[in-house]
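These protein sequence lines are chains A and B, in that order.
Each residue of the first sequence is one higher than the one before, counting from 1 in the UniProt record's numbering.
Each residue of the second sequence is one higher than the one before, counting from 1 in the UniProt record's numbering.
A virtual CB, placed ideally from N, CA and C, is assigned to each residue, including glycine.
Let me begin by presenting the structure, written as structure tokens, before commenting on it.
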Amino acid sequence: MISEELDIANKNVPARNDNGPVQYVNELTTLNLGPTHPATHGIFQNVLQMDGEKIVSGEQTIGYIHRAFEKIAERRPFYQITTLTDRMNYCSSPINNMGWHMTVEKLLGIEVPKRAQYIRVIMMELARLADHLVCNGILGVDTGAFTGFLYIYQERENIYEIYEEVCGARLTTNMGRIGGMERDLSPTAIRKIKELIPRFRKVLTEFENLFNRNRIFMDRIVGVGGISAERALSYGFTGPNLRAAGVDYDVRVMNPYSSYEDFEFDIPVGQSGDTYDRFMVRNEEMWQSLRILEQAINNLPEGSYYADAPQYYLPPKQEVYRNMEALIYHFKIVMGEIDAPAGEVYHAVEGGNGELGFYLISDGGRTPYRLHFRRPCFIYYQAYPEMCKGLTLSDAIVIMSSMNVIAGELDA
Amino acid sequence: MLTNEEVAQTIINQFGEAVGDFDDPYDLLTFSTSREQIIPLISYLKDHKTLQFGFLTDITAVHYPDSPGREFCVVYHLHSLINNFRLRIKVYLSKEDIHIPTAVPLFAGANWMERETFDLFGVIFDGHPDLRRILNMEEMDYHPMRREYPLEDATREDKIDALFGR
């Protein structure tokens, strides 16, 4: 017998008939998945309407960690925006950093030397590896398979050690500079990257052996949360989620940036856009990232790691101590006294989740007039209720996990 | 490969006076149109046999408080994946009348982009199925990305101005 209070909470309860028994047709349960639920990996509220075990409809509330980055950016010199971009997709912050720096370089018209471009590619691919690693590992955890996660998480730690070697920070890296990199790759960093590649391949093989044809895992994710290519395009999906649906759109290939045209790699494409395809596309992308990484580290060109643009490139600290010109430029850049030319730029990079775009309008001042982030998470998360429709709650968990929704990027 | 001139010419041939301000900053074809023409224009570009702008990259807005009559600029970024060609459409609105038709019937993804633009700038998308705030609280009674609102929360009274350089 359902209580009076619950009846009021349910909108679709039919009027109670005083004479006969209560009819329970069309009665839906409202279930709050989140805001803080261990399986949402972040703060998202999903209000699901359930008919028994089936999800009838859902509605998301986002914005729990909205930090108004676009507004803050309007008051910050270009260098200080780096730290904001770090905190969007915090699973792969180097990609955000490099994307931002490339946007500013496009605005300023700075040509970055080949070596710096290759180092950027290396860092971005390491970030992609770390991002996909977390996503796929956690998908395993959400289906109850903790072992795979334990096996591969050590490699993420090793990637973070490389970040640490390159820039001193692990999570919120700011290794890039406008015009190049903060510093060159040290011999230790190069050694660590070269050691990482074969070890990563081994671990990834082991991970695939655990999961790819695992009966329990496949039962949980095959045919779950599929989305057609047309719907995915209509929603504006990009990245692995779109490629799982069968569209081979990759910003690295369509609009190459930072010397991506020099490398040979394939775009893995799925067919049905279901959770299994998303998992497999991410897995295959890790293999491709390793290929790019190997090519980039073996063919690392000689030369400078920063462009000859002293007005914009923050000089190395050792120079600042010894050289008057460097001290002056350091001061002017840090105080944000150097104006950028007026202009309007859209630059996109392939982030961990897809097309991460920076729309920057400069009015010739020291800060952007308007900065808008095209965040892939924000755009595809709205398809989540449609993808869950008619499935069970346990399916909803793996769909969210496989979409790789990152709270920081969603809310910005 | 499409060139900016070809695409611009195709659009001018179809829409004539309704489009203008053609420019290509950093090689991205940019032009503006009117509020009445924006939806016909996007659906024309989407359904065109060769252009096929079937991907909506982004919708956002910019506030120019100092240009009377065109204070708000709604910016659409479209992408033709087949031709690998991007373009940018702008619609200028005056602050007295910030209504613009919604693009949700054309692209499902426009839903949240428009909600975000509404939330941050107050641009009203007519015909939007669910035009509510998305990032900020429902209780907020202003649109924070407008230039008249300073970066710090102007509604707070617990901060002493002198200590914050205001």
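Near-chain B residues of the segment 42-75 of chain A (beta-carbon distance less than 8 Å), N- to C-terminal order: Taking a C-beta cut-off of 8 Å against chain B, the contacting residues of the segment 42-75 of chain A are Ile62, Gly63, His66, Ala68, Glu70, Lys71, Ile72, Glu74 and Arg75, listed in chain order.
Nearest-angstrom beta carbon gap, Arg86 (chain B) and Val75 (chain B) [assumed within contact, 8 Å]: Looking up residue 75 (chain B) in the second sequence gives position 75. Looking up residue 86 (chain B) in the second sequence gives position 86. 12 Å between Cβ atoms; not a contact.
Short CB-CB distance (under 8 Å) between Tyr163 (chain A) and chain B: Here residue 163 (chain A) refers to the residue found at position 163 of the first sequence. Answer no: the Cβ-Cβ gap between Tyr163 (chain A) and chain B never drops below 8 Å.
Cross-strand partners of Pro101 (chain B) (DSSP beta bridge): Counting from one through the second sequence, the residue named residue 101 (chain B) turns up at place 101. Its beta-bridge partners are B:Asp126.
With 16 other Cβ atoms within 10 Å as the buried cut-off, status of Met1 (chain B): In the second sequence, the residue the question calls residue 1 (chain B) occupies position 1. Answer is exposed; the Cβ neighbour count stays below 16.
Inter-residue CB distance, Pro113 (chain A) and Gly180 (chain A) (contact presumed, cutoff 8 Å): Within the first sequence, numbered from 1, the residue matching residue 113 (chain A) stands at position 113. Within the first sequence, numbered from 1, the residue matching residue 180 (chain A) stands at position 180. The beta carbons of Pro113 (chain A) and Gly180 (chain A) sit about 7 Å from each other, so the pair counts as a contact at 8 Å.
Residue environment, Phe331 (chain A), which counts as buried when at least 16 other CB atoms sit within 10 Å: Within the first sequence, residue 331 (chain A) is the residue found at index 331, counting from 1. That one is exposed.
Distance cut-off 7 Å: Leu107 (chain A) Cβ against heavy atoms of the ligand FAD: As presented, the structure is devoid of all ligands, the ligand FAD included, so that no description of it is given.
Ile2 (chain A) - DSSP class collapsed to helix/strand/coil: Locating residue 2 (chain A) in the first sequence gives position 2, counting from the first residue. Any answer about Ile2 (chain A) is weak, because its pLDDT of 45 lies below 50 and its placement is not dependable; what the coordinates show is given next. Ile2 (chain A): coil per DSSP, three-state reduction.
Phe107 (chain B) beta carbon less than 8 Å from that of Ser234 (chain A): Translated into the one-based positions of the first sequence, residue 234 (chain A) becomes position 234. Translated into the one-based positions of the second sequence, residue 107 (chain B) becomes position 107. In this structure, Phe107 (chain B) lies closer than 8 Å to Ser234 (chain A) by Cβ.
Candidates B:Thr10, B:Phe22, B:Glu17 and B:Leu29: closest to Glu36 (chain B) by CA position: One-based indexing of the second sequence puts residue 36 (chain B) at position 36. When the alpha-carbon of Glu36 (chain B) is set against those of B:Thr10, B:Phe22, B:Glu17 and B:Leu29, the nearest one is in B:Glu17.
Chain B residues whose Cβ lies nearer than 9 Å to that of His101 (chain A): Position 101 of the first sequence, counting from 1, holds the residue named residue 101 (chain A). Per Cβ cutoff of 9 Å: no residues; His101 (chain A) is ~16 Å from chain B at best.
Nearest to Gln80 (chain A) (by Cα), restricted to the options A:Ile162, A:Val334, A:Asn323 and A:Arg231: On the first sequence, position 80 is the one that residue 80 (chain A) refers to. Measuring from the Cα of Gln80 (chain A), the nearest candidate turns out to be A:Val334.
Helix, strand or coil at Phe373 (chain A) according to DSSP, with G and I counted as helix: Locating residue 373 (chain A) in the first sequence gives position 373, counting from the first residue. If DSSP states are grouped into helix, strand and coil, Phe373 (chain A) belongs with the strands.
Neighbourhood of Asn174 (chain A) by C-beta distance below 7 Å, restricted to the same chain and skipping five residues each side: Along the first sequence, one-based indexing puts residue 174 (chain A) at 174. So the qualifying residues of the chain are Thr82, Thr83, Asp86, Asn97 and Cys167.
Alpha helix (DSSP H) segment containing Ser402 (chain A), residue limits: Counted from its first residue, the first sequence places residue 402 (chain A) at position 402. Counting along the chain, the alpha helix (DSSP H) containing Ser402 (chain A) begins and ends at Leu393 to Met403.
Beta-carbon neighbours of Ala108 (chain B), restricted to chain A and to distances below 9 Å: For the purposes of this step, residue 108 (chain B) is taken as residue 108 along the second sequence, with counting starting at 1. Arg231, Ser234, Tyr235, Gly236, Gln382, Ala383 and Glu386, listed in chain order.
Min CB distance Met1 (chain B) to chain A below 8 Å: In the second sequence, the residue the question calls residue 1 (chain B) occupies position 1. It does not; no Cβ of chain A falls within 8 Å.
Contact list for the segment 237-249 of chain A against chain B, Cβ threshold 7 Å: Tyr249
Proximal residues, the segment 245-277 of chain A versus chain B, C-beta separation under 8 Å: Val247, Tyr249, Met254 and Asn255
Arg70 (chain B) to Asp97 (chain B) span [Cα, whole Å]: Here residue 70 (chain B) corresponds to residue number 70 of the second sequence, with the count starting at 1. Here residue 97 (chain B) corresponds to residue number 97 of the second sequence, with the count starting at 1. Cα to Cα, Arg70 (chain B) sits roughly 10 Å from Asp97 (chain B).
Positions along the segment 35-62 of chain B whose CB lies within less than 7 Å of some CB in chain A: Gly54, Phe55, Leu56, Thr57, Asp58, Thr60 and Val62
Reference Ile361 (chain A); option with closest CA among A:Tyr163, A:Pro376, A:Gly351 and A:Gly343: For this step, residue 361 (chain A) is matched to residue 361 along the first sequence. Checked all of A:Tyr163, A:Pro376, A:Gly351 and A:Gly343; the closest Cα to Ile361 (chain A) is A:Gly343.
Any chain A beta carbon closer than 8 Å to Asn111 (chain B): The sequence position of residue 111 (chain B) within the second sequence is 111, counting from 1. Closer than 8 Å to some Cβ of chain A, the Cβ of Asn111 (chain B) qualifies, so yes.
Through-space distance from Ser80 (chain B) to Tyr384 (chain A), alpha-carbon basis: Residue mapping note: residue 384 (chain A) aligns to position 384 of the first sequence, counting from 1. Residue mapping note: residue 80 (chain B) aligns to position 80 of the second sequence, counting from 1. Whole-angstrom Cα-Cα distance: 25 Å.
Reduced DSSP category for Asn84 (chain B) - H, G, I as helix; E, B as strand; rest coil: Locating residue 84 (chain B) in the second sequence gives position 84, where the first residue counts as 1. Coil, per DSSP.
Interface flag, His143 (chain B) vs chain A, CB-CB below 8 Å: For the purposes of this step, residue 143 (chain B) is taken as residue 143 along the second sequence, with counting starting at 1. Not an interface residue.
Glu319 (chain A) classed as buried or exposed, judged by whether at least 16 other C-beta atoms fall within 10 angstroms: For the purposes of this step, residue 319 (chain A) is taken as the residue at position 319 of the first sequence. It counts as exposed.
Proximal residues to Asp126 (chain B) (C-beta, below 8 Å), its chain only, five neighbours per side dropped: Indexing the second sequence from 1 puts residue 126 (chain B) at position 126. Correct list, in chain order: His99, Ile100, Pro101 and Thr102.
Neighbouring residues, chain B, relative to Lys389 (chain A) (Cβ below 9 Å): Looking up residue 389 (chain A) in the first sequence gives position 389. Chain B residues near Lys389 (chain A): none, gap ~14 Å exceeds 9 Å.
Cβ-based contacts, 8 Å cut-off: residues of the segment 76-101 of chain A near chain B: none
Within 8 Å, strictly: CB atoms of Arg243 (chain A) and Gly270 (chain A): Mapped onto the first sequence, residue 243 (chain A) falls at position 243. Mapped onto the first sequence, residue 270 (chain A) falls at position 270. Their beta carbons are under 8 Å apart, which means Arg243 (chain A) touches Gly270 (chain A) by this criterion.
Helix, strand or coil at Thr29 (chain A) [DSSP, three-state]: Translated into the one-based positions of the first sequence, residue 29 (chain A) becomes position 29. Reduced to three states, the DSSP call for Thr29 (chain A) is strand.
Neighbour flag for Gly20 (chain B) against chain A, beta carbons, 8 Å: Along the second sequence, one-based indexing puts residue 20 (chain B) at 20. By this cut-off, Gly20 (chain B) is not an interface position.
From A:Ile267, A:Gln288 and A:Thr238, residue whose alpha carbon lies closest to that of residue 172 (chain B): Past the boundaries of the shown model lies residue 172 (chain B); chain B is included only from 1 to 166, so the question cannot be answered.
Beta-carbon proximity list for Arg374 (chain A), same chain, < 6 Å, skipping 5 on both sides: The sequence position of residue 374 (chain A) within the first sequence is 374, counting from 1. Once the five neighbours on either side are set aside, the close Cβ partners of Arg374 (chain A) are Gly357.
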